[in-house]
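Worksheet: one structure, shown below.
Protein chains in written order, with the numbering used here: chain A, 10 to 242; chain B, 35 to 180.
Below, the structure is given as structure tokens:
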């Protein structure tokens, strides 16, 4: 292909050719780069902070406001309860991937990534929950029927503090966002899952907002764990 | 000393929430509640503009401070306390006449409304309040055990 035509397709004016006669539209000049990072009045962004700084607390009201907007957005975009949950799960996933590295980096002493399944579960139940919500989760259980299913119980998820589910979508649990974070942590630690889901634990008088996070690990993860167990003894 | 009922009226004069707290009250049907809310809304608006009291002094060239309208209404068997929020939502609390601190109670109800209703992503503005957690905290605060 001759060079002149090539130029034409990209809208660069070849010498001696008038734009009025050609069918091409000139590309707009590249915009001056505008960073979208906003600076607070102290001129210190989140990137200026020390990573190993012990976790600071944030306002629950401002979190509630942002989470509220996230839910309203996904609610408007999706047609069914399961779709909202999937979308919230996807929103939490990248946080989980980053949280694993961040929490390991902040650990005192040598940072060790959880290798065994139980270590990972205890890491989620303890370190992850403390990093995110300032307290450990309320229970860690294994399914009696299936070997690859584990449950983490939170009596009153922080993310659900101000959320009441209308009757027509009573199955929806917005802690699916936290389930997404857990899934991210599991994936980043190379424990592949078949999905982490959040369910209401019904019939608890004391804790009406009790939530069970169901972790379904892939078969190969269980096999690997058993192989390590057999070799270590 | 009893708190009888709480009504919430939106800024258009529609009733968005009503709940009674004491046993043995006269039953009103939902239509009566709507009429009560709408009528009170109108009278409250009138009471804000038509008043024999002299206007509060204010610097010339500025707007006079907004008048509050009806704040309390006393009757033989009950007292009505009204609290209007800056956004125009009205909280009406019916108590027995000797109930102290009705203002503090109504403020607390407003706080609960702000927490549980306004921060709930599934509540649409100006619509009737059907929020489970609001019912629960309000019940925990105002319903007397036994």
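Glycine included, each C-beta is placed from N, C-alpha and C at the ideal position.
The structure presented is a predicted model; accordingly, all values stated were derived computationally and were not measured.
Between which two residues does the beta strand (DSSP E) harbouring residue i extend?
i	result
residue 124(B)	124 to 129
residue 205(A)	202 to 209
residue 160(A)	158 to 163
residue 132(A)	Not the beta strand (DSSP E): residue 132(A) falls in the alpha helix (DSSP H), residues 126 to 132.
residue 48(A)	Unbroken run through residue 48(A): none, as it is neither H nor E.
residue 42(B)	37 to 43
So which residues of chain B does residue i contact, with C-beta pairs closer than 7 Å?
i	result
residue 77(A)	153, 155
Kindly say whether residue i, judged by its beta-carbon, lies nearer than 8 Å to any beta-carbon of chain B.
i	result
residue 56(A)	no
residue 81(A)	yes
residue 73(A)	yes
residue 15(A)	Because the pLDDT at residue 15(A) is just 47, under 50, the model does not fix this residue reliably, and the value given afterwards should be weighed accordingly. By this cut-off, residue 15(A) is not an interface position.
residue 12(A)	Its pLDDT being 47, under 50, residue 12(A) is placed unreliably in this model, and the coordinates cannot settle the point.
The ligand MN and residue i: does the residue's C-beta get closer than 7 Å to at least one heavy atom of that ligand?
i	result
residue 197(A)	Among the ligands in the structure shown, none appear at all, so the ligand MN cannot be discussed.
List, in chain order, every chain B residue whose beta-carbon is nearer than 9 Å to that of residue i.
i	result
residue 84(A)	155, 156
Taking C-beta pairs closer than 8 Å, name the residues in chain B that residue i reaches, listed in chain order.
i	result
residue 175(A)	156, 164
Listing by chain order, which chain A residues have their CB less than 8 Å from the CB of residue i?
i	result
residue 150(B)	171, 173
Give me the residue from the options with the minimum Cα distance to residue i.
i	options	result
residue 163(B)	53(B), 92(B), 96(B)	53(B)
residue 249(A)	208(A), 54(A), 117(A), 39(A)	What the structure shows of chain A is the stretch from 10 to 242, and residue 249(A) is not part of that stretch, so it cannot be assessed.
residue 235(A)	147(A), 139(A), 125(A)	125(A)
residue 57(B)	161(B), 36(B), 122(B), 108(B)	36(B)
residue 211(A)	150(A), 88(A), 220(A)	220(A)
residue 231(A)	209(A), 206(A), 199(A)	199(A)
residue 79(B)	124(B), 99(B), 63(B), 129(B)	124(B)
residue 71(B)	108(B), 60(B), 111(B), 116(B)	116(B)
residue 185(A)	78(A), 51(A), 92(A), 72(A)	92(A)
residue 168(A)	172(B), 153(B), 175(B), 158(B)	153(B)
residue 112(B)	106(B), 103(B), 165(B), 131(B)	131(B)
residue 114(A)	189(A), 136(A), 39(A)	136(A)
residue 174(A)	79(A), 90(A), 227(A), 78(A)	90(A)
residue 151(A)	222(A), 41(A), 78(A)	222(A)
residue 141(A)	197(A), 191(A), 127(A), 178(A)	191(A)
residue 99(B)	120(B), 108(B), 114(B), 67(B)	120(B)
residue 96(A)	233(A), 202(A), 181(A), 197(A)	181(A)
residue 164(A)	84(A), 144(A), 205(A), 179(A)	144(A)
residue 224(A)	188(A), 238(A), 215(A), 103(A)	188(A)
residue 107(B)	84(B), 77(B), 89(B)	77(B)
residue 103(A)	203(A), 229(A), 218(A), 196(A)	196(A)
residue 75(B)	66(B), 151(B), 95(B), 49(B)	49(B)
residue 107(A)	60(A), 146(A), 84(A), 171(A)	60(A)
residue 71(A)	205(A), 238(A), 170(A)	170(A)
residue 167(B)	132(A), 76(A), 121(A), 172(A)	172(A)
residue 41(B)	136(B), 141(B), 128(B)	128(B)
residue 6(B)	82(B), 62(B), 95(B)	Only positions 35 to 180 of chain B appear in this structure, which leaves residue 6(B) out of reach.
residue 117(A)	214(A), 62(A), 239(A), 146(A)	62(A)
residue 85(B)	95(B), 149(B), 102(B)	102(B)
Please list the terminal residues of the continuous alpha helix (DSSP H) segment that includes residue i.
i	result
residue 229(A)	228 to 241
residue 185(B)	One cannot answer for residue 185(B) here, as it falls past the ends of chain B, which runs 35 to 180.
residue 196(A)	185 to 197
Shorter than 8 Å from the beta carbon of residue i to some beta carbon of chain A?
i	result
residue 124(B)	no
residue 45(B)	no
residue 167(B)	yes
residue 53(B)	no
At 4 residues or longer, what runs of the alpha helix (DSSP H) sit wholly inside the region 145 to 176 of chain B?
Correct list: 166 to 176.
Whole beta strand (DSSP E) elements within the region 74 to 112 of chain B, 3-residue minimum:
Under the rule that a run must span 3 or more residues, the beta strand (DSSP E) segments found entirely inside the region 74 to 112 of chain B read 106 to 108.
Could you give the uninterrupted runs of the alpha helix (DSSP H) lying entirely in the region 65 to 152 of chain A, keeping only those of 4 residues or more?
Correct list: 69 to 86, 90 to 115, 126 to 132, 138 to 142.
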